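To start, the structure itself, in C-alpha coordinates.
Pasting the structure below:
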(Lines of atoms letter the chains of each structure in order from A and count residues from 1; the text may use other names and numbers.)
(Lines give C-alpha, C1' and ligand atoms only; values in the text may rest on other atoms or scores of the structure.)
Protein backbone atom coordinates (compact mmCIF):
# COMPACT_ATOMS: atom_id res chain seq x y z
CA UNK A 1 0.00 0.00 0.00
CA UNK A 2 2.78 2.39 0.96
CA UNK A 3 4.76 1.73 -2.23
CA UNK A 4 1.64 2.26 -4.32
CA UNK A 5 0.88 5.62 -2.66
CA UNK A 6 4.50 6.71 -3.05
CA UNK A 7 4.29 5.71 -6.71
CA UNK A 8 1.31 8.07 -7.09
CA UNK A 9 3.47 10.93 -5.74
CA UNK A 10 1.88 11.11 -2.31
CA UNK A 11 4.14 12.43 0.41
CA UNK A 12 3.80 10.12 3.37
CA UNK A 13 5.05 10.32 6.91
CA UNK A 14 4.47 7.94 9.81
CA UNK A 15 3.33 9.76 12.95
CA UNK A 16 3.68 7.64 16.06
CA UNK A 17 1.45 9.07 18.81
CA UNK A 18 2.47 7.89 22.26
CA UNK A 19 0.44 8.70 25.35
CA UNK A 20 2.44 10.64 27.92
CA UNK A 21 1.31 8.08 30.50
CA UNK A 22 4.20 5.87 29.36
CA UNK A 23 6.69 8.42 30.69
CA UNK A 24 5.56 7.74 34.25
CA UNK A 25 7.40 4.42 34.54
CA UNK A 26 10.86 3.47 33.26
CA UNK A 27 9.84 -0.01 32.11
CA UNK A 28 6.91 1.38 30.12
CA UNK A 29 9.17 3.96 28.51
CA UNK A 30 11.68 1.28 27.51
CA UNK A 31 8.89 -0.72 25.86
CA UNK A 32 7.84 2.42 23.95
CA UNK A 33 11.44 2.91 22.80
CA UNK A 34 11.54 -0.64 21.46
CA UNK A 35 8.14 -0.30 19.78
CA UNK A 36 9.08 3.03 18.16
CA UNK A 37 12.44 1.75 16.93
CA UNK A 38 10.87 -1.43 15.56
CA UNK A 39 8.21 0.60 13.73
CA UNK A 40 10.83 2.90 12.26
CA UNK A 41 12.87 -0.02 10.97
CA UNK A 42 9.89 -1.97 9.56
CA UNK A 43 8.03 0.88 7.85
CA UNK A 44 10.27 2.60 5.36
CA UNK A 45 8.91 6.10 5.80
CA UNK A 46 10.01 9.23 7.61
CA UNK A 47 8.85 8.98 11.23
CA UNK A 48 7.82 11.53 13.83
CA UNK A 49 7.35 10.26 17.36
CA UNK A 50 5.01 12.45 19.41
CA UNK A 51 4.21 12.32 23.12
CA UNK A 52 0.52 13.20 23.20
CA UNK A 53 -1.57 14.44 26.14
CA UNK A 54 1.29 16.41 27.70
CA UNK A 55 -1.34 18.60 29.35
CA UNK A 56 -2.34 15.57 31.48
CA UNK A 57 1.12 14.39 32.50
CA UNK A 58 0.90 15.82 36.03
CA UNK A 59 -1.94 13.37 36.74
CA UNK A 60 0.46 10.45 36.36
CA UNK A 61 2.87 11.66 39.05
CA UNK A 62 6.27 13.26 38.99
CA UNK A 63 8.60 12.17 36.20
CA UNK A 64 11.82 10.46 37.24
CA UNK A 65 13.80 12.66 34.81
CA UNK A 66 13.38 15.97 33.04
CA UNK A 67 11.27 16.11 29.89
CA UNK A 68 14.40 16.64 27.79
CA UNK A 69 15.70 13.27 28.92
CA UNK A 70 12.64 11.58 27.44
CA UNK A 71 12.48 13.63 24.23
CA UNK A 72 16.17 13.41 23.30
CA UNK A 73 16.75 9.76 24.33
CA UNK A 74 20.45 10.25 24.99
CA UNK A 75 21.86 8.26 27.93
CA UNK A 76 19.50 5.49 28.97
CA UNK A 77 21.87 4.06 31.58
CA UNK A 78 20.31 6.41 34.12
CA UNK A 79 16.95 4.81 33.43
CA UNK A 80 18.32 1.31 33.97
CA UNK A 81 19.39 2.34 37.46
CA UNK A 82 15.78 3.21 38.38
CA UNK A 83 14.59 -0.28 37.41
CA UNK A 84 16.41 -1.86 40.35
CA UNK A 85 13.91 -0.28 42.75
CA UNK A 86 11.15 -2.70 41.72
CA UNK A 87 11.60 -6.39 42.67
CA UNK A 88 9.68 -7.71 39.66
CA UNK A 89 11.53 -5.50 37.17
CA UNK A 90 14.92 -6.26 38.70
CA UNK A 91 14.65 -9.77 37.21
CA UNK A 92 14.59 -8.23 33.74
CA UNK A 93 17.26 -5.61 34.35
CA UNK A 94 19.76 -7.26 31.98
CA UNK A 95 17.13 -7.57 29.24
CA UNK A 96 16.15 -3.91 29.66
CA UNK A 97 19.82 -2.89 29.57
CA UNK A 98 20.31 -4.78 26.28
CA UNK A 99 17.19 -3.14 24.81
CA UNK A 100 18.48 0.28 25.85
CA UNK A 101 21.86 -0.50 24.30
CA UNK A 102 20.19 -1.40 20.99
CA UNK A 103 18.14 1.81 21.05
CA UNK A 104 21.26 3.86 21.77
CA UNK A 105 23.30 2.05 19.10
CA UNK A 106 20.76 2.96 16.42
CA UNK A 107 20.51 6.53 17.75
CA UNK A 108 17.39 7.17 15.66
CA UNK A 109 14.79 8.05 18.27
CA UNK A 110 13.63 11.41 19.45
CA UNK A 111 10.22 12.59 20.55
CA UNK A 112 8.17 15.77 20.25
CA UNK A 113 5.91 16.73 23.16
CA UNK A 114 2.40 17.81 22.20
CA UNK A 115 0.22 19.82 24.55
CA UNK A 116 -3.14 20.28 22.83
CA UNK A 117 -3.95 23.22 25.12
CA UNK A 118 -1.10 25.28 23.60
CA UNK A 119 -1.56 26.24 19.94
CA UNK A 120 2.16 26.86 19.50
CA UNK A 121 2.79 23.23 20.48
CA UNK A 122 0.37 22.11 17.77
CA UNK A 123 2.09 24.27 15.20
CA UNK A 124 5.53 22.98 16.19
CA UNK A 125 4.31 19.39 15.75
CA UNK A 126 2.72 20.16 12.38
CA UNK A 127 5.91 21.87 11.19
CA UNK A 128 8.04 18.87 12.21
CA UNK A 129 5.66 16.49 10.43
CA UNK A 130 5.66 18.71 7.34
CA UNK A 131 9.45 18.81 7.33
CA UNK A 132 9.58 15.02 7.64
CA UNK A 133 7.41 14.47 4.57
CA UNK A 134 9.02 17.26 2.56
CA UNK A 135 6.17 19.77 2.70
CA UNK A 136 6.58 23.18 4.31
CA UNK A 137 4.21 26.08 4.76
CA UNK A 138 6.14 28.26 2.33
CA UNK A 139 3.37 30.77 1.74
CA UNK A 140 2.20 31.17 5.36
CA UNK A 141 4.06 32.84 8.19
CA UNK A 142 3.65 31.89 11.87
CA UNK A 143 0.97 34.53 12.49
CA UNK A 144 -1.20 33.33 9.61
CA UNK A 145 -0.88 29.72 10.79
CA UNK A 146 -1.84 30.70 14.33
CA UNK A 147 -4.86 32.65 13.07
CA UNK A 148 -5.95 29.65 11.03
CA UNK A 149 -6.22 27.53 14.19
CA UNK A 150 -7.44 30.36 16.42
CA UNK A 151 -4.45 30.84 18.69
CA UNK A 152 -1.76 33.29 19.60
CA UNK A 153 1.98 32.75 19.37
CA UNK A 154 3.65 31.85 22.64
CA UNK A 155 7.40 31.89 23.11
CA UNK A 156 9.43 29.29 21.23
CA UNK A 157 10.85 27.83 24.43
CA UNK A 158 7.51 27.31 26.10
CA UNK A 159 6.82 25.07 29.03
CA UNK A 160 4.63 22.28 27.70
CA UNK A 161 3.55 21.17 31.12
CA UNK A 162 1.20 23.70 32.64
CA UNK A 163 2.53 24.62 36.10
CA UNK A 164 -0.85 25.97 37.28
CA UNK A 165 -2.55 22.57 37.29
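In the working numbering, the protein residues as written are -11 to 153.
The beta-carbon is built from N, C-alpha and C at its ideal position, and this holds for glycine as well.
Predicted model only: the values in this text are computed from it and were never measured.
- DSSP places residue 107 inside the alpha helix (DSSP H), whose first and last residues are 107 to 121.
- Here DSSP, grouped into helix, strand and coil, assigns residue 64 to coil.
- Rounded to whole angstroms, the gap between the alpha carbons of residue 77 and residue 122 is 42 Å.
- Using a C-beta cut-off of 8 Å, the segment -2 to 13 makes contact with the segment 22 to 39, since at least three inter-stretch Cβ pairs fall below that distance.
- Under the three-state reduction of DSSP, residue 11 is assigned to helix.
- For residue 82, the uninterrupted alpha helix (DSSP H) segment begins and ends at 81 to 94.
- Taking the Cα positions, residue 101 is about 14 Å away from residue 51.
- Under the DSSP assignment, residue 38 falls in the beta strand (DSSP E) whose first and last residues are 35 to 40.
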